[in-house]
Amino acid sequence: MNNLPANVLQIYKIFDAMDTPIYLVGGCVRDMLLGETPKDYDFTVETTPEDIQTILKLYHIPFNAMSAKYGTIIARIGDEEYEITSTRKEADYADNRHPEEVIFGVSLAEDLKRRDFTINAMAMDNKGDIIDLFDGQKCLKNHLIKTVGDPEARFREDPLRIMRALRFSIT
Numbered sequence: 090m091n092n093l094p095a096n097v098l099q100i101y102k103i104f105d106a107m108d109t110p111i112y113l114v115g116g117c118v119r120d121m122l123l124g125e126t127p128k129d130y131d132f133t134v135e136t137t138p139e140d141i142q143t144i145l146k147l148y149h150i151p152f153n154a155m156s157a158k159y160g161t162i163i164a165r166i167g168d169e170e171y172e173i174t175s176t177r178k179e180a181d182y183a184d185n186r187h188p189e190e191v192i193f194g195v196s197l198a199e200d201l202k203r204r205d206f207t208i209n210a211m212a213m214d215n216k217g218d219i220i221d222l223f224d225g226q227k228c229l230k231n232h233l234i235k236t237v238g239d240p241e242a243r244f245r246e247d248p249l250r251i252m253r254a255l256r257f258s259i260t
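Counting in my numbering, the final residue of the sequence shown is number 260, and the numbers go up one at a time with none missing.
Below, the structure written as structure tokens:
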């Protein structure tokens, strides 16, 4: 936790003060576990996009809510932007790309379960503890790209995930 940027620590502190658990999630957690400096830091929080906006307003943090319908609020601290996305659960994918329905504010476990690959389905809490429900760390160690859950279902939901898998296997 000591090596996280001050702005990231500030976001943790703000949401902790509001008794709203927030987690770093996805690629930044994966990159840190690989010993790399993340290009960006994305958060997920167990609340609604409206509540995220309310909390940021209370702390006078400017934000962009243009992606709120997808659950994402972009907070700006100094020259940096941070995506803060509501935990979510997605219904069936009718068009092989977009879910028919999205439910915000579900549990972290429910949110991680809907992610594409195990190496992207990890989160870090405010103490620096890694939440890894799908063996993402083991997959990183063994250089494996595995889907969370049924591979056929994951690729049917979004065929572009095949390209992401190829990109991850190259890098």
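Ideal placement from N, C-alpha and C gives every residue a C-beta, glycine not left out. Everything numeric in this text was worked out from a predicted model, so none of it was measured.
What number of angstroms, rounded off, separates the C-alpha of residue i from the C-alpha of residue j?
| i | j | result |
| --- | --- | --- |
| R243 | K216 | 31 angstroms |
| N96 | T260 | 28 angstroms |
| S196 | T133 | 10 angstroms |
| R177 | E246 | 15 angstroms |
| D129 | A164 | 12 angstroms |
| E170 | D131 | 9 angstroms |
| F193 | L233 | 30 angstroms |
| E189 | D239 | 19 angstroms |
| N218 | R203 | The amino acid at residue 218 is misidentified as Asn; the sequence shows Asp. Straight-line Cα distance between these residues: approximately 21 angstroms. |
| T136 | N209 | 20 angstroms |
| Y148 | N231 | 42 angstroms |
| P94 | K227 | 26 angstroms |
| L98 | E241 | 38 angstroms |
With a threshold of 16 other CB atoms inside 10 Å of the CB of residue i, please say whether the residue is buried or exposed.
| i | result |
| --- | --- |
| T161 | buried |
| M252 | exposed |
| M155 | exposed |
| N153 | exposed |
| G167 | exposed |
| S175 | buried |
| T126 | exposed |
Is the beta carbon of residue j closer than 8 angstroms to that of residue i?
| i | j | result |
| --- | --- | --- |
| V191 | E199 | no |
| I144 | F104 | yes |
| L122 | L222 | no |
| M211 | G225 | yes |
| D205 | R256 | no |
Evaluate contact between the stretch 105-118 and the stretch 136-155, counting only Cβ atoms and requiring at least three cross-stretch pairs below 8 angstroms. yes
I'd like the ranges of any beta strand (DSSP E) spanning at least 3 consecutive residues and lying wholly in the stretch 108-165. 111-114 and 131-134
Tell me the start and end of each unbroken alpha helix (DSSP H) in the stretch 165-253 that is at least 4 residues and wholly inside, in chain order. 197-202, 225-230 and 240-246
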